[in-house]
Every structure is written in structure tokens, then in C-alpha cells.
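Quick notes on the structure that follows.
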Amino acid sequence: MELNTFEKQKIKVAQYLRMSTEHQQYSLHNQATFIKDYADKHDMLITHTYDDAGKSGVTILGRVALQKLLNDVIYRHIEIQAVLVYDVSRFGRFQDIDEAGYYSHILKMNGVDVIFCAEHIPTKEHPLEAMLMLSIKRAGAADLSKNLSDKVYAGQVNLIKRGYHQGGTPGYGLRRQLIDEEHTPKEILLFGRRKSIQTDRVILIPGPKNERRIVNEIYDMFIFKNMPEFIIASILNERGVKAENGTIWSRSKIHQILTNEKYIGHNVYNKTSYKLKKKFIKNPESEWIRCENSFTPIISKSKFTLAKEIIISRSHHLTNEQLLDYLKNRLKEKGKLSGIIIDEDDTGPSSSVFRNRFGGLLQAYEIIGYKPEHDYQYIEINKNLRNYHYIEVNNFLNKVTALNNIADTKSHSPLILINDTLSISFIIARCKKLPSGRLRWKIRFENSLKPDVSIVVRMDSINKTPVDYYIFPSLDILFERVILSENNAFHFDFYRFDNLNELYNMIERTAISEAV
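Start counting at 1 in the sequence shown, then tack on 8, and there's your number in our numbering.
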């Protein structure tokens, strides 16, 4: 955007807009209109806009625009003297008010003031007074979020106690029925649909007859045929029976049907908490909110109780010593151990119990002195490499975003998309040691996804840290698989780099040239 002489004389500023969902008065349009009036009155020119629509203010997570604003200021991608925000709450309702101050301080240290247009805060004239006022307002914004959260929770509890369904999918064999304020049925809400009228409510009703029959069959197989959950899932999948929303059955889906009280008509809420964007918490049963006999049951209470007793008897109150004794007895009986062998015993604890208690099956095996026939170290390395891939991709995304780019992972695809134009495949190449002592790296390109560039990270001999990087343009990839050694032909080493700085430089230059 080319500025005329008059505009060049104005103070260049950016505006930051944020709207969650609670108040229409905070619509992005209303904020922008108010901020523009403020800018005009104070001889300012808005050159950049950053908006986070539909984003909560209690955390910076997910607020891409605010993160980009900070990056643009820190790395000097924009030239501004201030950021205009409607009020303190729009900048953020951080539960730790120091966090809001931290982001403001970052901007200030880079020569950019934060101005709250609807607040009368004498930042320049009385800085100490301004600091005190900001602290009070930030605390008020944080408290408002907490109060809103408490009020929403209280409202949901009230609705639960009155027998209404609150959020979440109905579950296999059940459906969500929309009713009006007079309890007159209106329609069945399909997957992904929500009620549009505030006074309408949602209840659960029995689903199609064939699904109800499958639910009862699951209970019968578990109770009377002594089949564990994973076997039941396998049988249903072999028969071509689809789970909820056309998905395949798994052990966890079967277990959920066997343990969820909604199948006997009870409405239970607050088993877990996720308030104010904090981590999920499993609440004790004393804090659960329940309303019994809210819905029409599709399973008898006697069946549900039998299933519950079987599940409890498998692992309830078993000490670590008792769990290890169980493993020893199972090993003596079968001659070997595995997750499948443990799970097929419906009288004992599931393999997940050992993972939770000891950090994994391998750790439990090690305590009782059992070494599996298979080399499970390979599995552990794969697990570590998956974690490393996640970390590397996130570091790459953060670096690329800091270089004035928009970067994200493509939906339903492992590819990284930069500026909606450049797609990148990120591959971690595991190192394999041959009997001769030589090292090999097998690379399988994701050609079917058609990335523009493939980044290959070669790991060291113990698969802990990267050795180097290969950057392959898609036009130069002629094969689906390639094996690299410690010393490779020149046409391979042409793509080898010690780090990704060269790629970052190319991306940065592209961003600057496009801006010009």
C-alpha cells in the first residue's frame, strides 16, 4: 500500500481485534469502527490489522493473530509506533495478569505502545497511575472470565439436573432429540448439527432398532460369553457392523458402551473438567452431577450392573505387587506375555492398567525379569521418533511463522502448508545399523500426497539427534524409496545441508519480495 504525503505524516499503528462469542457489542466490526474513530482523532494511520475471531481470551494458544503481531514486531516485519486495542479485555482475559503485562512489555521493549482506546488510562502523563489502573483492569477482565465460566457451569448443571443433554455426541444406539420449551419434539439432530433457538432443549432418545440390538449384543457377549472388549470389537468389524458415524469398532468404543450410564437412562455430567483452557482433569465421583432416569434406557440396569462388576473385579484395588504376581502367573501359564495375552483374560486387569501403573508393559516385564521374544526396543525407538517428528514440525512452523509467513498443517494430511502455496513433507529417517557396523537410512517419500518439497531429517546411530538434513524438490524425486549410507553419490549430497537455514532464507526472501 503506497501512502500519500499526508498519510506519511501520520503516526503508523496497527489494530488488534478479538471476539469470542459472548457479546455482540464486541463484534469485530464494532471494535474496528471505534478504533478507526480513535485513530482519526489522534492523527494516526492504521496500516495493519490483526484479528482473532471466535477466540477465547484466557490463553494465547490458538490466537494466531496475536502471535503473528508479536512476531512481526519482534522481527521488524512491520513499522508501527503503537497497537490500538478496543479495551483491556480484548487484549486478553489472562487468568495470570502478569501474562498480559508480559506481552505488553514485549511490544513496549520493541518500541511499540499498547493503547486501549475505550479506556481512559494516562499512560504517558502518569505512568505509575497507569500501571495500577492496568493491573486492576486486567484483574477485572480475568475475574469476568472466571465469573462467566462459573455462570455457564451453573447453568449447565441446572439443565443436567432437569434431564437435558449437554454437549457431546449421543453415543452409538442413541440419538439427540430437539424439543421446544413445551417439550414438544421437533427434530432429530444429526451429527454436527446444533440447536438454533435458545429456548430449545436437547434430550437423548433410543436410536434405530438395529443399533439398539447391537448394544444389547455387546453386553451379552461381554457378560455371558466372557468376551473381552477387543474381541467384541474384532467380531463386529469382521461382520461389517459400523460404529458411530460409520467408523470402525475399537476396544475403547466397546468399553465406553459398557460403562456409560446414559445407556440405562442416567444423565451424568462433570466427569472431567476443562475450565478456562486449563488441562483436562478427571473429577472424583463425588463431584459428578447426575440425574437418574432422564432418558429412555436401551439396556436393563441388571445387565449394566453385571458388566460393571466384571470390569471392577478385573483390576479394582489391586496393588502393584498383586499386578506383578498376576503377570508372573500369566507368564507361567502361557510361556510368554503380550498385550493381547493380557487383554484376552477377562478375569484379570487390562494391559492399560499396567501401562498406567508402571509407565508401559516393557517396564512391567523388566520388573518381573521377563524379556520378550521380539525386540521391543524397535517399538520404543519408533515411539521416540514420532515424538521427535512432532517437536521438529512445531519448531519448523514457529520458525517459518516468525519469518512473516502463514504456516500450518493441512487438514487430513501430514503436509505443512506455507502461505497456502508451498506444501512440505517432513520425514524423519531412522538409522539402522547393519551387522557389518555400517549405517543405513531408508527413506520413503510421500509422493502420493504430492508435496512441493520433502525435508528428510537423518537421525544419528542411536536415533536421538539429527545428523543432517536433505531438502528434495518434488521435481527431483524419481523414486518412492531411497536408501542412504554414510557416504553417498554426489547427486544425493547436492541436496544435503547441516541445518535448514538455507530453506529459511529462501522462505524469508520470498516473503519480502511478495510484500514489495
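All C-beta atoms in this analysis are idealised placements derived from N, C-alpha and C, irrespective of residue type, glycine included.
For the region 448 to 507, the full-length beta strand (DSSP E) segments reaching 3 residues or more read 461 to 467, 474 to 481, 489 to 493 along the chain. Counting only the Cα atoms, I240 lies some 35 Å from R452.
Within the DSSP secondary-structure output, F434 pairs in a beta bridge with I463. Excluding its 5 nearest sequence neighbours in each direction, V223 has C-beta neighbours in its own chain below 7 Å: Y180, G181, I265, Y271, I306, I307, listed in chain order. If you ignore the 5 residues before and after K450, its C-beta comes within less than 6 Å of the C-beta of I491, all in its own chain and listed in chain order.
R184 places its beta carbon 9 Å or farther from that of G100. No Cβ-Cβ contact shorter than 9 Å links V461 with P474. DSSP places I426 in the uninterrupted beta strand (DSSP E) bounded by 424 to 426. Between the region 307 to 321 and the region 249 to 269, the count of Cβ pairs shorter than 8 Å is three or higher; the stretches touch.
In the structure shown, M235 adopts coil according to DSSP, grouped into three states. Using a C-beta cut-off of 8 Å, the region 406 to 425 makes contact with the region 68 to 83, since at least three inter-stretch Cβ pairs fall below that distance. In this chain, the alpha helix (DSSP H) harbouring T41 covers 36 to 49. In this chain, the alpha helix (DSSP H) harbouring I262 covers 259 to 267.
L186 is not a Cβ neighbour of R221, given a cutoff of 9 Å. Counted as a single uninterrupted DSSP element, the beta strand (DSSP E) harbouring N275 occupies residues 275 to 277.
K336 is a Cβ neighbour of I376, given a cutoff of 9 Å.
By the 16-neighbour rule on beta-carbons within 10 angstroms, R71 is buried. Under DSSP, D121 shares a beta bridge with A90. Taken in chain order, the complete alpha helix (DSSP H) segments of 4 residues or longer contained in the region 311 to 344 are 328 to 342. Between the alpha carbons of Y94 and I211 lies a gap of roughly 40 Å.
Under the 10 Å beta carbon count, D60 is surrounded by 16 or more other beta carbons and is classified as buried.
As the crow flies, the alpha-carbon of Y277 is around 52 Å from that of P481. The shortest CA-to-CA distance from H191 to any of P178, L197, Y172, A108 is the one to Y172.
Counting along the chain, E295 sits inside no beta strand (DSSP E), nor does DSSP assign it H or E at all. L370 places its beta carbon 9 Å or farther from that of P357. A residue is called buried when at least 16 other Cβ atoms come within 10 angstroms of its Cβ; I463 meets this threshold and is buried. Per DSSP, D80 is one residue of the alpha helix (DSSP H) stretching across 72 to 82. For the pair Y58 and L36, the CB atoms are not nearer than the 9 Å cut-off.
Per DSSP, the unbroken alpha helix (DSSP H) holding V96 starts and ends at 96 to 99.
Less than 9 Å divides the Cβ of V21 from the Cβ of I54.
By the CB criterion at 9 Å, L457 and L425 fall outside the cutoff.
One Cα belongs to A108, the other to K407, and the distance between them is close to 23 Å.
Here the alpha carbon of E246 sits roughly 29 Å from the alpha carbon of G368. For the set A40, D506, I262, the Cα lying nearest the Cα of H56 is the one of A40. Per the DSSP secondary-structure output, R184 pairs in a beta bridge with L197, L212. Minimum Cα-Cα distance from M52 among the listed residues I43, Y24, I19 corresponds to I19.
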